[in-house]
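What follows is a single structure, written as structure tokens, with notes after it.
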Amino acid sequence: MTDFLKITRNGRILEIVLDRPKANTLDAPLSREMGKVFADFRDDPELRVAILTGAGEKFFCAGWDLNAVADGEDYLEDFGEGGFGGFPEMTSLLKPVICAVNGLAVGAGFEMLLRADMIIAANHAEFMLPEIRIGMAPDVATFMLPKLLPRQKAFEILMSGRRFSAEELASHGIINMVVPADRLMDEARALAEDLCLAAPLSLAAIKEAVHLTEQMSFEECYAALRSKSWPAFMKMLASSDAQEGAKAFVEKRAPEWKGE
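Take the position in the sequence shown, starting the count at 1, then add 13; the result is the number in our numbering.
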């Protein structure tokens with residue numbers, strides 16, 4: 014394991030800290046290492062939620078390491094199973110990923126957030142896409158922002174190259190919560206603990222359905238569901254946890270999830 018990733022198991026929660034001085038940038042080898050971490054998280058039945066954050070208070074992630082670019086690393090490099098940052102392209106990862114943004118999220122460091130399941134940001138955090146000023150165009154943000162925002166706001170973020178505050182992005186629904194910097198990890202852990210109260214198969218079914226239906230109409234979604242073609246959703250419906258939730262409610266007790 015690289016020295017640039019600090020991994021902590023906190024009960025059912027996996028905490029991943031990107032710690033690569035000076036700006037927590039990523040190159041292809043580090044991104045591939047992050048992909049392995051997220052794949053291990055995916056495959057570990059004891060782990061339920063992951064929190065990704067950056068070390069320090071200045072940078073969450075300043076994106077792609079331009080030194081690596083200058084040394085010949087390609088825009089379409091192999092960044093690993095989960096793509097740049099370890100998780101954005103890992104559609105088999107059916108567990109929640111929370112990003113706790115502790116500082117600047119720049120370029121691809123901002124873009125990876127657009128594939129997180131939930132985002133909590135420190136109140137001083139800022140976000141920007143400067144690619145247009147170095148002769149490039151964003152990729153993930155170009156795919157995602159027009160789906161998440163009105164066209165004009167998406168183009169402003171993509172084309173202006175300016176910094177956006179956490180509060181501004183929260184007002185547009187991209188960030189779930191903005192908190193004081195000294196409360197960031199406490200709030201992220203509290204959110205993760207809340208998610209651990211949910212049935213894990215239900216969370217997996219939600220992530221699977223969201224991914225599979227992104228390009229479907231409402232009618233197509235229901236047709237696919239009724240065809241029983243969604244493995245995680247069907248596993249949830251057939252599970253003992255599906256009965257346990259109702260039993261616990263009737264018996265006025267906390268459910269005991271088995272994930273089966």
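C-beta: ideal position from N, C-alpha, C; glycine also.
Option nearest residue i by Cα separation, candidates the options
{"i": "leucine 27", "options": "Glu90, Thr66 and Gln165", "result": "Thr66"}
{"i": "leucine 43", "options": "Asp78, Glu233 and Ala183", "result": "Asp78"}
{"i": "arginine 268", "options": "Ala217, Tyr235 and Leu210", "result": "For the sequence presented, residue 268 should be read as proline rather than arginine. Taking only the C-alpha atoms, the option nearest proline 268 is Leu210."}
{"i": "leucine 182", "options": "Lys166, Ser173, Met172 and Asp195", "result": "Lys166"}
{"i": "leucine 126", "options": "Leu216, Gly186 and Lys271", "result": "Gly186"}
{"i": "isoleucine 188", "options": "Lys271, Glu264 and Ala138", "result": "Ala138"}
{"i": "serine 253", "options": "Ala75, Lys271 and Ile132", "result": "Lys271"}
{"i": "alanine 81", "options": "Val30, Leu107 and Asp40", "result": "Asp40"}
{"i": "arginine 22", "options": "Thr15, Arg33 and Ile64", "result": "Ile64"}
{"i": "cysteine 112", "options": "Gln228, Leu31 and Ala245", "result": "Leu31"}
{"i": "serine 178", "options": "Ile133, Glu273 and Pro159", "result": "Ile133"}
{"i": "cysteine 74", "options": "Lys35, Ser230, Cys234 and Lys260", "result": "Lys35"}
{"i": "valine 114", "options": "Glu206, Asp195 and Ile20", "result": "Asp195"}
{"i": "lysine 241", "options": "Arg33, Phe156, Met47 and Ala218", "result": "Ala218"}
{"i": "arginine 198", "options": "Leu18, Asp16, Phe17 and Ile29", "result": "This sequence places methionine at residue 198; arginine is not what is there. Selected option, being the one with the closest Cα: Ile29."}
{"i": "phenylalanine 72", "options": "Leu204, Ile147 and Asn37", "result": "Asn37"}
{"i": "lysine 160", "options": "Glu59, Gln228, Ala201 and Glu86", "result": "Gln228"}
Contact check, residue i vs residue j, beta carbons under 7 Å
{"i": "phenylalanine 100", "j": "alanine 118", "result": "no"}
{"i": "arginine 25", "j": "arginine 61", "result": "yes"}
{"i": "glycine 116", "j": "arginine 45", "result": "no"}
{"i": "glycine 76", "j": "alanine 121", "result": "yes"}
{"i": "phenylalanine 246", "j": "alanine 222", "result": "yes"}
{"i": "isoleucine 145", "j": "glycine 174", "result": "yes"}
{"i": "phenylalanine 51", "j": "arginine 33", "result": "no"}
{"i": "glutamate 86", "j": "glycine 95", "result": "no"}
Terminal residues of the alpha helix (DSSP H) in which residue i lies
{"i": "arginine 45", "result": "41-56"}
{"i": "leucine 27", "result": "Element bounds for leucine 27: not the alpha helix (DSSP H) but the beta strand (DSSP E), 26-31."}
{"i": "phenylalanine 246", "result": "244-250"}
{"i": "phenylalanine 231", "result": "231-239"}
{"i": "glycine 258", "result": "253-263"}
{"i": "asparagine 37", "result": "Looking at the DSSP string, asparagine 37 is not in any alpha helix (DSSP H), and its letter there is neither H nor E."}
{"i": "leucine 79", "result": "79-83"}
Sequence-distant residues of the same chain with beta carbon closer than 8 Å to residue i, five excluded per side
{"i": "glutamate 180", "result": "Asn136 and Val191"}
{"i": "alanine 154", "result": "Phe123, Glu124, Leu127, Leu142, Ile170 and Leu171"}
{"i": "aspartate 130", "result": "Pro109, Val110, Ile111 and Lys220"}
{"i": "serine 11", "result": "This structure does not reach residue 11, given that the chain is present from 14 up to 273, and the question cannot be answered."}
Cβ-based neighbour list, residue i, same chain, cut-off 7 Å, excluding 5 preceding and 5 following
{"i": "alanine 255", "result": "Met249"}
{"i": "lysine 258", "result": "Reading the sequence as shown, one finds glycine at residue 258 and not lysine. So the list reads Ala212 and Pro268, once near-sequence residues are dropped."}
Extent of the continuous beta strand (DSSP E) to which residue i belongs
{"i": "alanine 63", "result": "62-67"}
{"i": "lysine 19", "result": "18-23"}
{"i": "phenylalanine 92", "result": "Counting along the chain, phenylalanine 92 falls outside any beta strand (DSSP E), and DSSP gives it neither H nor E."}
{"i": "phenylalanine 72", "result": "72-74"}
Other residues of its chain near residue i: CB distance less than 6 Å, five sequence neighbours each side excluded
{"i": "threonine 226", "result": "Cys234"}
Distance cut-off 6 Å: residue i Cβ against heavy atoms of the ligand NAD
{"i": "leucine 117", "result": "Among the ligands in the structure shown, none appear at all, so the ligand NAD cannot be discussed."}
Legend entry - Unbroken stretches of the alpha helix (DSSP H), 4 residues or longer, contained in the segment 101-138: 121-124
Inset, instruction - Tell me the start and end of each unbroken beta strand (DSSP E) in the segment 149-221 that is at least 3 residues and wholly inside, in chain order. - result: 190-192
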